Every structure is written in C-alpha cells, then in structure tokens.
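Below you'll find the structure, written out as structure tokens, and then a few comments.
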Amino acid sequence: MVDYFHRNKKDPTDLNDDLLKNSLSKSHKTYMGFIKSQEDLLLIPIKQGVDKMIGNQRDIVKFFNEQVLGANKTLLKNQQQMLDKSAESDKVIKLVFQRMEVADQLKAKFLQILNGYIKSREELGSFKGREKEELAELTRKQVENI
C-alpha cells in the first residue's frame, strides 16, 4: 500500500479514490483467496484428523476404563476370597495347635502314670499278686480318666 501512495502521489485519507478502492478490494480478494485455499488444503483436514483422533481417544479411554474397572472388581473379589480362606486357615491352624497341646498334655500325664506304676510295681516285688492286680487296675482307671 505504501508503494501505491508513493507511486501515485495521492492522499491516503481521500475516501473517494476509486483506484485505491479497487486496489484494496483486489488485495483483499487475493488475501481471502489465499486464506480459503489454505483452509481447504490444511485447516479442514487437520480439524477432521484431530476430531477423529479425539473420538478414537475417547473410545480408548472408555474401553480402558471398562477393562480396568472389571479387572479391579475381579481383583477385589479374589482378594476377599483369599482373606476368607486365610481366616479359615488360621482357625484350622489354631484348632490343630490346641489339639497338639492337648495331646502333649495327655502324653505327659500318661508318662507320669506309667512311671508311677512301674515304680510301685518294683516296690511291691514279686510276691504280692493281689496287690499287683490292684495296682494294674488303679493304673487302668487313671489312664481312662485322662
């Protein structure tokens, strides 16, 4: 535009200059044509590609969320089952331990009775048959009471 005013020696503030209007109109049309061609060549395909990409990303996020939520639910269910089975195992282990303790106590009592029987039998000697039978009967009753 500066070249136009310099070449023609016209006043830029003159609004009635038809040559200026035509020149501005021509320049404007050229710029608009360039912008429209760039829009057709670049902007519209880019926008379509971006829209398609955004749609695909939404689908991916939706699918991912469904998969993750499903996997999390399954994981939580399995963890709860494991906790339940672990609690059951703890109960069984405690019960087995208690029974082992009872068995150990019974063994200790039986050994006391057996040792008492052996000691008493040795003290009686070999002559008193009736007392030996009474001792054996007493020992049997003690073992039954365990």
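Adding 78 to a residue's 1-based position in the sequence shown gives its number in the working numbering.
Built from N, CA and C at the ideal position, the CB exists for glycine as well.
These numbers come from a predicted model, not from an experiment.
Determine the direct distance from the alpha carbon of Ala186 to that of Asn223, and round the result to whole angstroms.
-> 14 Å
Touch check for the segment 190 to 209 and the segment 166 to 179: three-plus C-beta pairs under 8 Å?
-> no
Helix, strand or coil: how does DSSP classify Ile224 here?
-> coil
Would you kindly report the start and end of the unbroken alpha helix (DSSP H) that includes Leu189?
-> Ile122 to Leu202
Just the C-alpha distance for Asn150 and Val139, rounded to the nearest angstrom, thanks.
-> 16 Å
Local conformation of Asp96 per DSSP, three classes = helix
As assigned by DSSP and simplified to three states, the class of Lys114 = helix
Is the segment 161 to 168 touching the segment 188 to 202 in the sense that three or more CB pairs, one from each, lie closer than 8 Å?
-> no
Round the Cβ separation of Ser198 and Leu184 to the nearest angstrom and send it over; I've been treating them as touching at under 8 Å.
-> About 21 Å; that fails the 8 Å criterion.
Between the CA atoms of Ile171 and Leu161 - distance to the nearest angstrom = 15 Å
Other residues of its chain near Thr217: CB distance less than 7 Å, five sequence neighbours each side excluded = Ile191 and Tyr195
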